[in-house]
Each structure stands twice: as structure tokens, then as C-alpha cells.
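Student:
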Amino acid sequence: MEHIKKAAVVVLGMFDGVHRGHRALVAMAKQLADSEGVPCIVYTFANHPAELLGRKVVMLTTNAERERLLKEAGADEVLMEPFTEELRDLDMGDFLKHLEDLFDVRGLACGFNYTFGKFGAGKPADLMAYGKEKGIPVRVLESVDMGGKPVSSTRVRAALADGDTRSAESLLGHHLGE
Numbered sequence: 002m003e004h005i006k007k008a009a010v011v012v013l014g015m016f017d018g019v020h021r022g023h024r025a026l027v028a029m030a031k032q033l034a035d036s037e038g039v040p041c042i043v044y045t046f047a048n049h050p051a052e053l054l055g056r057k058v059v060m061l062t063t064n065a066e067r068e069r070l071l072k073e074a075g076a077d078e079v080l081m082e083p084f085t086e087e088l089r090d091l092d093m094g095d096f097l098k099h100l101e102d103l104f105d106v107r108g109l110a111c112g113f114n115y116t117f118g119k120f121g122a123g124k125p126a127d128l129m130a131y132g133k134e135k136g137i138p139v140r141v142l143e144s145v146d147m148g149g150k151p152v153s154s155t156r157v158r159a160a161l162a163d164g165d166t167r168s169a170e171s172l173l174g175h176h177l178g179e
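Printed below as a string of C-alpha cells:
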């Protein structure tokens, strides 16, 4: 029997920590999904892509916490796929084909600094062009700023490294370990 792909608005990103920017992105995608009459599904990786590039990344949340926080932010489902060498080596077009194999894509959403495909060559503008070609809406969330700088997982990690839990939790919009 053929696998029936689920129609969805797909939200793309790593979502480590599920900070305020991530929450705003999921909320925007959920609005689009509701207007399209389909679920909002977050597509992310179970492990951080930087690890395959030899960098050690201390994750801010476990996968279970990430899934719970993403659902609290408005995602109907979360698909966490292991980031493998095979996925790492897909070029932009092949990565988008991979998404089409997984979902009946009715819309896409990502953050302003999202990258995809081999060497992170794909950017939000490439997703916008893909959406235009396929006739599907693509939403790109501009940066969510606090203190004049974009909220990011890197900023949260830096605050934690400085022992500044209050700033880290302010950027996250929730308590650590929550």
C-alpha cells in the first residue's frame, strides 16, 4: 500500500531551546496552517547538524522538551529526523525533494537566518523562489530582537556560559528545564 503523505504547513529549523523567536515562528506557521486547513508540522533534526561538522554543541533542551515546547507554541506535530551524512550532503533541490517525499507541502515557514542543503547553501530567498514555483505560500519570520539584538540559541548559550540564567530565561521566554 502506498504511503499517503500528510498535507501540512512545514516549519523548518533546529529549534534548540525553543526561544521567543522560535515560538513566534511556530505561531506564524500555525496561522498559515489554519488558513490552509492543514496541520502545522515542525520538521527538525534529532541531533545538531554542527556535530557532523565536528563541532560539539551543548543542546539547551532534550528532544522530548523540544517537542513539548514546540507543541505548546502551536505545532500540531513534530518530526525529528536524525541528521545523517546522507542528509548533510543533499543539495538544496534534493533537500526540498526530501521534504516533498515526507509531506504534501501546502506551505513553508522558516526564520530569517535559516539555511538548508549542502554547506547551508539554501537561504530563505531560495525557499521563497521554490514556493513561487510550486504555488505554495512561504513565510519568513524576521528577527525577534531583545536588547537591540536578535534572540538566538547562541545568545542563550552565551548567557548560560556567563552564569546569567535570568538573561537566558528571558531570551527563552520560559524557565530552563521547563
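The number in this note's numbering is simply the position in the sequence shown, starting from 1, with 1 added. Cβ atoms here follow ideal geometry from the backbone N, Cα and C, with glycine treated the same way.
Counting only runs that start and end within the stretch 41-99, where is the beta strand (DSSP E) found for 3 or more residues in a row?
Tutor: Listed in chain order, they are 41-46 and 78-82.
Student: Buried or exposed for residue 125, please, with buried defined as at least 16 other CB atoms from any protein chain shown within 10 angstroms of its CB.
Tutor: Classification for residue 125: buried.
Student: Name the residue from 121, 112, 64 and 108 whose alpha carbon lies nearest to the alpha carbon of residue 91.
Tutor: Nearest of 121, 112, 64 and 108 to residue 91, Cα basis: 121.
Student: Which whole-angstrom value is the C-beta distance of residue 112 and residue 22, which I expect to be below 8 angstroms?
Tutor: The pair is a contact, with the Cβ atoms about 6 angstroms apart (cut-off 8 angstroms).
Student: Counting along the chain, where does the beta strand (DSSP E) carrying residue 110 start and finish?
Tutor: Segment 104-112, the beta strand (DSSP E) holding residue 110.
Student: Give a yes or no on whether the C-beta atoms belonging to residue 27 and residue 76 are separated by under 7 angstroms.
Tutor: Against a cut-off of 7 angstroms, the Cβ pair of residue 76 and residue 27 comes out as a contact.
Student: According to DSSP, simplified to helix, strand and coil, what is residue 117?
Tutor: Strand.
Student: Have a look at residue 2 and residue 39 and give me their C-alpha separation to the nearest angstrom.
Tutor: Here residue 2 scores only 40 on pLDDT, less than 50, and its place in the model should not be relied on; the value that follows carries that caveat. So the alpha carbons of these two residues sit roughly 23 angstroms apart.
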